[in-house]
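Written below as structure tokens is the structure these notes are about.
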């Protein structure tokens, strides 16, 4: 089930809900019931524009003057968001044609109420896309910044050849994207991951420093976004940050909408969780595929390690087992009617050059299945998530042709799988909070048996004179 709420020019808000193409309903609510301009899309079931109710069409982008006239007040925006949250924030929420300063005030008010939704901000379209993290989002993020990050840091300590690299996490901090990246946030487009890992080094003064402002790896847990939407977002991470983000780990949850919880005699829809690592497609140009980092070596670290030196006839640094072509490669556009949700490779037109295409590539041959209600047996097999050390590191500028040979990072997924299954079961069948009535008459123990036992009094000794 999904819904869309759109403001009409009259004093009413038209509301459409649907379960399938054969079963749809329509209601008209007073404007005071739902304010603001918002679109809500169901996970994996987006409502096509052609199915909007008659007379409630999506308006084209307004001119600045029109947009100014149609901006709802901050209170209306806040009420829209609070109404969405009160419904359980089942899907992602669009707020269109809004001013950045108005949205900033809404966020400030939400934060004062203890509410911190995730959001992506498109400065060009003046659109905010909001989502509210679930317990599954929070657990997956916790796993990524602890168990996964620990494995990665252990590998970096073993094979790093320049400085002393390590990762730290910074949660859902926004990542600037687009041509305005680097401007103040009010004017900058940004996307918010569910978790982000930043590369640190130690400088010559012994201080721990961030290598760059953007993360090297991000995690997105998609429970209310379509596969198409999340792949479009991967392009933003990997290309619209000028290559600052090297890899995106996507955990895609299907049928975790609150309405999939069994109620009124209906069975829950089958839950499925999949995970995969996505990286930019290789161009064959080492300057683009393997940009350099400044050298972080200093005397306290001893001799600079050099790794494997490559020559013109020894191939590039891409001959890694973690990048081997170990399966068929199906290619799909990232949007449109020909989108293939299971493709291994996606492409889009380069926004800066319409004659070029940009590609993203899934490192594993298939999506790695963590949980699947329709195939419980698959949940018994051991699984790993594969990363490459160059998802985090870059070659040293002092040794640009020297590469790490042992590059593959294998992260066990058993703990993540087990905990997701436990938490899904808790959501579908919450522990009972009411104490059942006794089945027979209760007998209480005698108060004497619980009375405080006083020590026997000592006999008073009488002196004989």
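Numbering (UniProt numbering), first residue to last: 1 to 465. Glycine residues also receive a C-beta, built at the ideal position from the N, C-alpha and C atoms. Small disclaimer: the values here were computed from a predicted structure and weren't measured.
How many Å lie between residue i and residue j at the Cα?
i: residue 199; j: residue 392; result: 7 angstroms
i: residue 159; j: residue 394; result: 13 angstroms
i: residue 297; j: residue 163; result: 5 angstroms
i: residue 110; j: residue 116; result: 7 angstroms
i: residue 445; j: residue 106; result: 59 angstroms
i: residue 127; j: residue 119; result: 10 angstroms
i: residue 419; j: residue 278; result: 23 angstroms
i: residue 333; j: residue 280; result: 15 angstroms
i: residue 425; j: residue 236; result: 34 angstroms
i: residue 377; j: residue 369; result: 11 angstroms
i: residue 142; j: residue 443; result: 47 angstroms
i: residue 299; j: residue 247; result: 32 angstroms
i: residue 337; j: residue 240; result: 24 angstroms
i: residue 43; j: residue 233; result: Bear in mind that the predicted position of residue 43 carries a pLDDT of just 31, short of 50, making it too unreliable to give a figure here.
i: residue 244; j: residue 238; result: 7 angstroms
i: residue 388; j: residue 153; result: 12 angstroms
i: residue 228; j: residue 251; result: 14 angstroms
i: residue 350; j: residue 431; result: 51 angstroms
i: residue 77; j: residue 84; result: 11 angstroms
i: residue 363; j: residue 89; result: 32 angstroms
i: residue 74; j: residue 405; result: 55 angstroms
i: residue 123; j: residue 355; result: 25 angstroms
i: residue 68; j: residue 188; result: At residue 68, the pLDDT of 39 sits below 50, so the modelled position is not reliable; the number obtained from the coordinates is stated separately. So the alpha carbons of these two residues sit roughly 19 angstroms apart.
i: residue 203; j: residue 87; result: 49 angstroms
i: residue 176; j: residue 192; result: 9 angstroms
i: residue 157; j: residue 407; result: 12 angstroms
Tell me the DSSP bridge mates of residue i?
i: residue 361; result: 279 and 345
i: residue 412; result: 384
i: residue 371; result: 273
i: residue 466; result: Residue 466 lies beyond the stretch modelled for the chain, which goes from 1 to 465, so this question has no answer here.
i: residue 176; result: 190
i: residue 287; result: DSSP lists no partner for residue 287.
i: residue 299; result: DSSP lists no partner for residue 299.
i: residue 252; result: 222 and 274
i: residue 350; result: 353
i: residue 196; result: 218
i: residue 130; result: 93 and 119
i: residue 209; result: 201
i: residue 111; result: In the DSSP output, where bridge partners are listed per residue, residue 111 has none listed.
i: residue 167; result: 199
i: residue 244; result: In the DSSP output, where bridge partners are listed per residue, residue 244 has none listed.
i: residue 140; result: Residue 140 pairs with nothing; no bridge assigned.
i: residue 333; result: 347
Taking Cβ to Cβ, would you say residue i is nearer than 8 angstroms to residue j?
i: residue 358; j: residue 348; result: yes
i: residue 409; j: residue 307; result: no
i: residue 92; j: residue 212; result: no
i: residue 242; j: residue 219; result: no
i: residue 249; j: residue 275; result: yes
i: residue 140; j: residue 416; result: yes
i: residue 361; j: residue 290; result: no
i: residue 151; j: residue 411; result: yes
i: residue 397; j: residue 294; result: yes
i: residue 221; j: residue 197; result: no
i: residue 171; j: residue 190; result: no
i: residue 403; j: residue 310; result: yes
i: residue 374; j: residue 270; result: yes
i: residue 80; j: residue 95; result: yes
i: residue 301; j: residue 400; result: no
i: residue 272; j: residue 372; result: yes
Would you mind sorting residue i into buried or exposed? The rule is 16 or more other CB atoms within 10 Å of its CB.
i: residue 155; result: buried
i: residue 434; result: exposed
i: residue 441; result: exposed
i: residue 209; result: exposed
i: residue 381; result: exposed
i: residue 303; result: exposed
i: residue 385; result: buried
i: residue 201; result: buried
i: residue 422; result: exposed
i: residue 206; result: exposed
i: residue 131; result: buried
i: residue 215; result: buried
i: residue 125; result: exposed
i: residue 329; result: exposed
i: residue 148; result: buried
i: residue 437; result: exposed
Would you say residue i lies against chain B (beta-carbon separation less than 8 angstroms)?
i: residue 174; result: No chain B is part of this structure, which consists of one protein chain only.
Flag this pair as touching only if the stretch 133-147 and the stretch 92-105 have three or more C-beta atom pairs under 8 angstroms; answer yes or no.
In short, these stretches do not touch, since the Cβ pair count stays below three.
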